[in-house]
Amino acid sequence: MITLHHVPLARSFRVLWLMEELGLDFDIRYYSIRDGSMRTPEFRALSPAGRVPVLEHHGDVWFESAAIVQLLCETYPQARLAPAPGDADRARYLEMLSYSETVGCLLENLNLNQVFLRPPATPSAAVIKLLNARLRAALGAIEARIDGAYLLPSGFSAADIMFGYSFELARYYVDLAAYPRLMTYRDGLRARPAYVRAKARDGAQDIYAQDFYPVPEEG
Ligand SMILES: N[C@@H](CCC(=O)N[C@@H](CS)C(=O)NCC(=O)O)C(=O)O
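Mapped onto our numbering, the consecutive letters of the sequence shown carry residue numbers 177 to 395.
Right, dumping it as structure tokens:
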């Protein structure tokens, strides 16, 4: 009744993790960005841009991670993972849903330049340098304002799933030692039982071949 279309370590992990937090019973259909499995007409019929996540939920088909996360929070409100309209944390919550994709898009562009681009195409060192600086600035802004275990004063929420996932991926491009408060925050998220269960179902990633991708020298 619930099927997640998922690439290991991709944004679909956000939905996987949230569904573990919600205690839902669901299947996972695994894909790879590299093997053409996302280019079939069947998958394109589910996902207009051919991206994950896609969630089939009791006959409905949803795409875009932030939208799916919000729809799940609204469908299962008893979990209280999304502040409702009128709640004190609502504005910060909505900001962080979108901000997580600000970070996500920077990571995606770094992935395109430093992981997926194939010869004879050559990545631009200047563009990578700029993207990397923008990623560090985006993370630094949250490092400066986070002052507890979670993003919202009211406690754990789906915003932590959205942003926590992005922060995990940033380790491939930036030295996370520059963000000590976010590292403590990340360690707290990693210790959540639902996160541990989600990681156990994530699958083996084939996106990154290195642990770290430094900014190349210009020139
Ligand atoms: N804004 C979308 C982005 C989805 C997206 O780009 N997903 C990536 C994986 S993280 C993907 O499916 N890429 C496939 C490709 O680039 O071919 C979301 O948050 O769901």
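All C-beta atoms in this analysis are idealised placements derived from N, C-alpha and C, irrespective of residue type, glycine included.
Buried is the label assigned to Ser188, since at least 16 other Cβ atoms lie within 10 Å of its Cβ. The closest CA to that of Asp387, considering only Ala346, Asn289, Arg310 and Met195, is found on Ala346. Bounds of the beta strand (DSSP E) holding Val237 are Asp236 to Phe239. Residue environment: Gly199 is assigned as exposed (fewer than 16 neighbouring CB atoms within 10 Å of its CB, all protein chains considered).
Per DSSP, reduced to three states, the secondary structure at Thr360 is helical. Check the Cα spacing between Ile178 and each of Thr251, Gly212, Met214 and Ser208: the tightest is with Thr251. Between Tyr384 and the set Glu319, Glu218, Asn287 and Trp238, the nearest pair of CA atoms involves Asn287.
Residues His181, Leu222, Ser223 and Phe239 of the same chain have their beta carbon placed closer than 6 Å to that of Val230, with the five preceding and five following residues left out of the count. In terms of Cα proximity to Tyr355, the closest of Asp382, Gly316, Gly340 and Asp363 is Gly316.
Bounds of any alpha helix (DSSP H) do not take in Leu231; it lies within the beta strand (DSSP E) bounded by Val230 to His233. Runs of alpha helix (DSSP H) with 4 or more residues, each lying fully within the region 180 to 232, are found at 188 to 198 and 217 to 222, listed in chain order. Between His233 and Leu248, the gap from beta carbon to beta carbon is short of 9 Å.
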